[in-house]
Amino acid sequence: MLDVVVLISGSGSNLLALLRRAASPQANFRVAAVFADRPAPGLQHAENYGVPAAVVDPKQYGDRDLWGAALAAQIRKFGVSAECGLVVSAGLMRILPAAFVIEFAPRLINTHPALLPNFPGAHAVRDALAAGVTQTGVTVHHIDEGVDTGQVIAQAVVPVNPDDTEEQLHERIKERERQLLPDVVSQIAGGLLQL
Ligand code: GRF
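The numbering used here puts the first residue of the sequence shown at 45, with every later residue one more than the last.
Spelled out as structure tokens, the structure:
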């Protein structure tokens with residue numbers, strides 16, 4: 045059974061998809077803990093599933109590196125490391141510091157609402173719409189020290205409709221994301237995907 049720590053900032057619908065998959069009879073991973081960088085609404089999902097959850101707020105630390113060290117210390121308590129378990133950034137709107145990446149890579153992945161290397165960064169959906177592409181998608185990828193530059197693990201294509209708003213397109217992407225991310229985690233847990 046793979047122990048997964050999930051990092052969030054927002055509504056946590058990807059977290060919920062992971063919690064649901066982990067609760068299914070054939071599950072080969074469990075969500076060991078959830079951490080957020082702010083009082084994210086998604087933390088409620090962890091509580092509903094009886095999973096330990098906490099806010100590790102960067103504002104309480106002197107700088108990003110200290111915040112990263114505090115977060116790493118919390119995650120270590122759940123037995124997750126570069127050799128064991130998995131850290132999943134699922135909507136964490138923050139760049140993880142280098143020392144954090146070095147500690148957990150390659151067992152550190154992210155989900156991004158675009159087909160990387162297209163549209164990295166915090167406004168991937170808006171940028172795809174502005175570029176006028178007819179399709180975009182979702183990418184699950186390794187986290188490295190750059191912004192959405194880590195090696196791609198899996199991708200899925202999502203069509204863009206001509207009259208899409210950013211919200212509508214993001215929701216269509218997230219529907220796909222909520223399937224792809226648990227699939228990838230399950231494949232990692234089952235050894236079908238080597239990190
Ligand atoms: C996802 O689309 C994720 O890729 C992006 O932010 C969104 C988070 O959604 N970085 P949720 O909090 O899982 O609902």
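Yeah, the Cβ is synthetic: ideal placement off N, Cα and C, and Gly gets one too.
Here the structure is a predicted model, which means the values were calculated and not measured.
- Within the same chain, Cβ atoms closer than 6 angstroms to the Cβ of D188 are found at G194, the five residues on either side in sequence being excluded.
- Just so you know, the alpha carbons of P69 and A174 end up roughly 43 angstroms apart.
- For F144, the enclosing alpha helix (DSSP H) begins and ends at 142-148.
- With respect to R138, D81 sits close: the two C-beta atoms are nearer than 8 angstroms.
- Of the candidates S125, G106, R108, S125 places its Cα closest to the Cα of D47.
- For Q195, the three-state secondary structure derived from DSSP is coil.
- Set against 7 angstroms, the gap from the CB of T193 to the closest heavy atom of the ligand GRF is not smaller.
- With a cut-off of 7 angstroms, the C-beta of L59 is classified as near the ligand GRF, since at least one heavy atom of the ligand falls inside that distance.
- Of all alpha-carbon atoms in N72, G123, A66, the one lying nearest the alpha-carbon of G94 is that of A66.
- For the set Q179, A168, H185, L159, the Cα lying nearest the Cα of S133 is the one of H185.
- At least one heavy atom of the ligand GRF lies less than 7 angstroms from the C-beta of K218.
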